[in-house]
Each structure stands twice: as C-alpha cells, then as structure tokens.
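Just below is one structure, and these are the notes that go with it.
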C-alpha cells in the first residue's frame, strides 16, 4: 500500500451505522415496501444472494472498442454479511482478449429503517493482482472501501403521492493501489462516487394507484451517474474527473430482473460515443431459499 | 479454465433453478378496495401478496384522513390461499380518504410493510 487507509473514512462508516436507528432487513435490498433493484454502474444498498451475468459494449475510444462478458455472484455468509465475487472476459479491438482480475467484496449491511425506506451497506473490495490475463494483467492489488446508501420517498405525505415511487441510491468509495508505482509510472489513488435516480412503477402499483397493465407495473425507469477522480499520487495533468451518465430501464419480477442502460461519457477523457450495458439478475434467495440462496451460517434466522 | 468454470456454474444453476420451490418477499400485488381507488363504504380490506404470509405476524390497520384509527378486525389469511390477507371493517365508513397500513411476514420470514389510500364516495 502506498498509504494507510484514512481512519476518517472508517470512522464515517461507523458513525453512519451508529447514528441511524437501523433494524435488520432481509435480502435483496428490500426495506419496508421499497425494493431497490440491482443497479449496473453502482451497487445496490443490500447484501444479497444473487447471480448476475452482464454484457457491456464500449464504442471506439482512442481507436479501441471493447466488449465485456462478466458475472457477479453475491453470497451471504451470515444474514447481513456477504461476499461478492466478480470476474469476466474482455475483448478489445485492436488489443485482443484478456481475463479480468478477480474481484471480491466483503459486505456488511442491510441496515434498514423501514418507515423511511433508508438502507445502507458497507463493503471492502479487493481486485487481486496476478489473476488477470492478456490485456487485463494487473501487477498489484487494488483496495476499495465502499459505502452504499438507498433512500425511497415513500414516507412523503399522500398529497405528494406522485413522488412516493421515487428513490435515490448513492455510492462512495476510494480505490488505493497496492503499489505506489509500476515500471516508473505512478499508480494513483482514486475517489469514486455515484448515484442513481429511480422511479418505481411496482411501488406505484402497490402504494399509490393500481396499474392494470401487467408489463408496466414491473418497470423502473432509472438513470445512474458515476464519477472518478485521481486524488493522490497521480501523474501531472491526469487528475481529471471522468464518469458516465447511464439512462436505462429495469424490469423487476419477483425472482429476477433484467436491466439495460446506455453509457454516455461525461467528457472526452471518459470516452467517445454511446455504449450499452445489459444484465440479468437472478435473486437466489428467492429462487433457491433452501440451498444456494440462504446464508452459510444463519444465526437465529429463518 | 475460467470459461469452463463459468459454464459449469451456469449449468448447475440452470438445473437448480428448474428444480426448487420459489419463495419471495410478500409484496402487494392487488388490493380491494383498489390502491388509490374510489369505492362505496367497504366491508373488508383484502390484500393479495406475491407470496404467502404468516397471519400471526401480519396485519392491516386503517386510519381516516385525520389520522384517527378505524375499527378493524383481526387479520386472517383466506382459507386455501395464504397469499390473501383479509381484515373486516367494524363500521360503515363515512365519505373521505382512508389510509391502509399493512405489514407482512412471508412464509419464508421476509418482512415487508407498506401503505396506500382509497376514497369512500358519498
């Protein structure tokens, strides 16, 4: 590590947990009447049992276009503690094939205040050195503490009924390289942040007014925003904020969801052209409640 | 090797998904009176959930627009269909807007809760 983890960030995590009068919730990111769907650019605020294959296409940037086929498997160890294992393949043209570094994230959360549809989860992510191949070789670990928070607006008065299906989720993280420099090049520490704006028609159907159409009552229009900026140990002139705006839609069923989003770079440093990402998310806690979908150790749970 | 592992995982998952019972959170699918609907004074509130619920840990409360609790009976699941929670209303409701507050524990112990309004017409 090039620097010690900031104690202030760890303290902030603890303060959030202590300050809010949370009660345990249950997978998968359900808090009160609110279902926070799995989002594609940032994480949802829950600890889950889910399996999500994802396909991404990025149009040519500096002459290189990219196609990714990835998966993410979320497994609960205890009801509110889980691990997320992510990996996948990348094809770049020109450039070739590479298997991405293995990524693991230990999560603790599902903290939920159901009356206010407020939910939070914290995690610690490691992208492991030596597990990537081809174009995706990574010679050092990356360490990322992360916090995810979701807030639904169902607690608004019924005079503002049309706003009650809305929700926002936030993510804040900082990525620390395990090596200060490689082959004479500085490895920067990056601050990452993002949020999503959601309008849940399933929530509208259940809490505001009945929707007769069997398709529309499963739809959640969504837009995600992600940003990243080098904040430490960056090469001169490279501390530029990059990011994407990702408008899309989620189809939320009882045991699975499908989501698709456009990927629009916010500036030239973030890319050129509009990409696309799509993912199917299988809710294993609902599909396989007695095997893969339950915590490995269920202390006093179901 | 990674690709083969992924394939094996996918095949195992496909078999497992086709073989097991499906359980989910108890989320409101439909209600009578309808969510946001306008009705004559109803005699009961019926909520159909996406999943069976435990009546001992599930319930329905009713309040008027001013927040006054309205008399309702003990909630029970419909005979032969534990996805439907029913509560009798103890009196004829005068015209106005009413709020239903429900909480449910599904048969696989997931907790959910929510609220909606309906209007009783003159």
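Residue numbers (this note's numbering), protein chains in the order written: chain Z, 74 to 375; chain H, 1369 to 1490. Each residue gets a CB set at the ideal place from its N, CA and C atoms; glycine is no exception.
Segment limits, alpha helix (DSSP H) that includes residue i
| i | result |
| --- | --- |
| residue 162 of chain Z | Premise fails: residue 162 of chain Z lies in the beta strand (DSSP E), 154-166, not in any alpha helix (DSSP H). |
| residue 359 of chain Z | 357-360 |
Chain H contact residues for residue i, given Cβ-Cβ distances below 9 Å
| i | result |
| --- | --- |
| residue 281 of chain Z | 1403, 1404, 1484, 1485 |
| residue 278 of chain Z | 1396, 1397, 1398, 1403 |
Proximal chain Z residues relative to residue i, where beta-carbon distance stays under 9 Å
| i | result |
| --- | --- |
| residue 1438 of chain H | Correct list: empty, because the minimum Cβ distance to chain Z is about 16 Å. |
Contacts of residue i in chain H (Cβ-Cβ under 8 Å)
| i | result |
| --- | --- |
| residue 183 of chain Z | Neighbours of residue 183 of chain Z on chain H: none; closest Cβ ~11 Å, over 8 Å. |
| residue 159 of chain Z | Going along chain H, no residue has its Cβ under 8 Å from residue 159 of chain Z, so there is no contact; the nearest lies around 12 Å. |
| residue 221 of chain Z | Going along chain H, no residue has its Cβ under 8 Å from residue 221 of chain Z, so there is no contact; the nearest lies around 19 Å. |
| residue 105 of chain Z | 1480, 1481, 1482 |
Residue range of the beta strand (DSSP E) that includes residue i
| i | result |
| --- | --- |
| residue 1493 of chain H | Residue 1493 of chain H lies beyond the residue range present for chain H, which begins at 1369 and ends at 1490; the question has no answer from this structure. |
| residue 279 of chain Z | No beta strand (DSSP E) contains residue 279 of chain Z, which is instead part of the alpha helix (DSSP H) from 274-280. |
| residue 181 of chain Z | 176-186 |
| residue 314 of chain Z | Premise fails: residue 314 of chain Z is in no beta strand (DSSP E) and is neither H nor E. |
| residue 1443 of chain H | Premise fails: residue 1443 of chain H is in no beta strand (DSSP E) and is neither H nor E. |
| residue 1481 of chain H | 1479-1488 |
| residue 335 of chain Z | 329-338 |
Residues that residue i contacts on chain H, provided the C-beta gap is smaller than 7 Å
| i | result |
| --- | --- |
| residue 187 of chain Z | 1481 |
Own chain residues within Cβ distance below 8 Å of residue i, not counting five before or after
| i | result |
| --- | --- |
| residue 1474 of chain H | 1391, 1392, 1393, 1394, 1417, 1419, 1420, 1421, 1422, 1480 |
Cβ-based neighbour list, residue i, same chain, cut-off 7 Å, excluding 5 preceding and 5 following
| i | result |
| --- | --- |
| residue 1463 of chain H | 1488, 1489, 1490 |
| residue 123 of chain Z | 101, 111, 147, 354, 355, 356, 357 |
| residue 130 of chain Z | 140, 348, 349 |
| residue 1471 of chain H | 1426, 1427, 1481 |
| residue 1460 of chain H | 1409 |
| residue 331 of chain Z | 324, 353 |
Own chain residues within Cβ distance below 6 Å of residue i, not counting five before or after
| i | result |
| --- | --- |
| residue 276 of chain Z | 238 |
| residue 307 of chain Z | 261 |
| residue 1400 of chain H | 1414 |
| residue 361 of chain Z | none |
| residue 190 of chain Z | 104, 105, 107, 225, 227 |
| residue 273 of chain Z | 238, 293 |
| residue 162 of chain Z | 142, 172 |
Contacts that residue i makes with chain Z (C-beta to C-beta distance below 8 Å)
| i | result |
| --- | --- |
| residue 1467 of chain H | 231 |
With 16 other Cβ atoms within 10 Å as the buried cut-off, status of residue i
| i | result |
| --- | --- |
| residue 111 of chain Z | buried |
| residue 1424 of chain H | exposed |
| residue 183 of chain Z | buried |
| residue 198 of chain Z | buried |
| residue 323 of chain Z | buried |
| residue 346 of chain Z | exposed |
| residue 288 of chain Z | exposed |
| residue 344 of chain Z | buried |
| residue 1396 of chain H | buried |
| residue 1369 of chain H | The predicted position of residue 1369 of chain H is uncertain, since its pLDDT is 42 and thus under 50; no value can be drawn from it. |
| residue 233 of chain Z | exposed |
| residue 1442 of chain H | exposed |
| residue 293 of chain Z | buried |
| residue 210 of chain Z | exposed |
Contact set between residue i and chain Z, taken where Cβ atoms lie within less than 7 Å
| i | result |
| --- | --- |
| residue 1418 of chain H | 327 |
Residue i beta carbon near the ligand MN (any heavy atom closer than 7 Å)
| i | result |
| --- | --- |
| residue 1428 of chain H | The ligand MN is not part of the structure shown, which contains no ligands of any sort. |
Whole beta strand (DSSP E) runs in the stretch 207-267 of chain Z with 3 or more residues, listed along the chain? 215-225, 239-250
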